[in-house]
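Worksheet for the structure shown next.
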Amino acid sequence: MARDVGVGAATPLRVTRALSLAAALIGWSFVSPRLPTGWRVALQAGVGGLLVSVTRAPLGLSPPRLWAGLRLGSVTGAAAAGAIAATTAVPPVRRSMAGRELPAPVPAWLLVRIPLGTIWAEEAAFRAALARTGSDAFGKDGGRLLQAATFGLTHIADARATGEPVVATVLVTAVAGWLFGWLADRSGSLAAPMLVHLAINEAGAIGALTVARRSRNESR
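Listed below in structure tokens is the structure:
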């Protein structure tokens, strides 16, 4: 079931709105890491909700679309989490995880920062708000491409901070953004990409914690 996006003929105003929102999200990605963690999480979650309200983006978080989103998101998320867990056995991946500085405290990272400051904030901003304004300006496919490309570009600062290859990070996250957008459109609910995004991030975080703990034990 596809979401209602209210697509109409492209106009200069619609194009300007879509590109301005994309540019603002990219700019914010360079500013937010400089903020205190507590402020950053609250602001990102709040901004996501504000963008949804301003753009009137449909979320599909009520039945029957919610059930479709939960079904698709649960199955896809479980597969994604399993794949990520399997990669922790690959030596290069383990070395990369072992060398990362992990956020503290861990419970707040897993239960607040990831679900609210990352998953809700990003899905609301990209798959809901930007997808809506992008679809109004460029059609559904163009809107999905715009939000995916923007999503990839907003990970430049993260890649630099962690020492990951910037171009590869942008490409991988852009592809992920496109897939998240497809999940939202396919199910008609933001619940689908939220569940998959959550599964990926939580599996990666738990994998990094496990590898780091084992590395510390082996070094003793």
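Quick note on numbering: the sequence shown equals residues 8 to 227 in my numbering. The C-beta atom is built at its ideal place from N, Cα and C for all residues, glycine as well.
A straight-line Cα-Cα distance of about 35 Å links glycine 149 and threonine 95. The C-beta distance from serine 196 to arginine 102 rounds to 38 Å, too long to meet the 8 Å contact threshold.
Spanning the alpha carbons of arginine 134 and threonine 157 requires a straight line of approximately 11 Å.
The DSSP-derived three-state label of alanine 198 is helix.
Apart from the 5 residues on each side of it in sequence, alanine 144 sits with its Cβ closer than 6 Å to the Cβ of Ala17, Arg21, Val22 and Ala25 in its chain, given in chain order.
Inter-segment contact for the stretch 56–76 and the stretch 168–177 is absent: fewer than three beta-carbon pairs are separated by less than 8 Å.
Scanning the stretch 146–222 from its first residue to its last, no whole beta strand (DSSP E) run of 3-plus residues comes out. In this structure, histidine 162 lies away from phenylalanine 187, with their beta-carbon atoms at least 8 Å apart.
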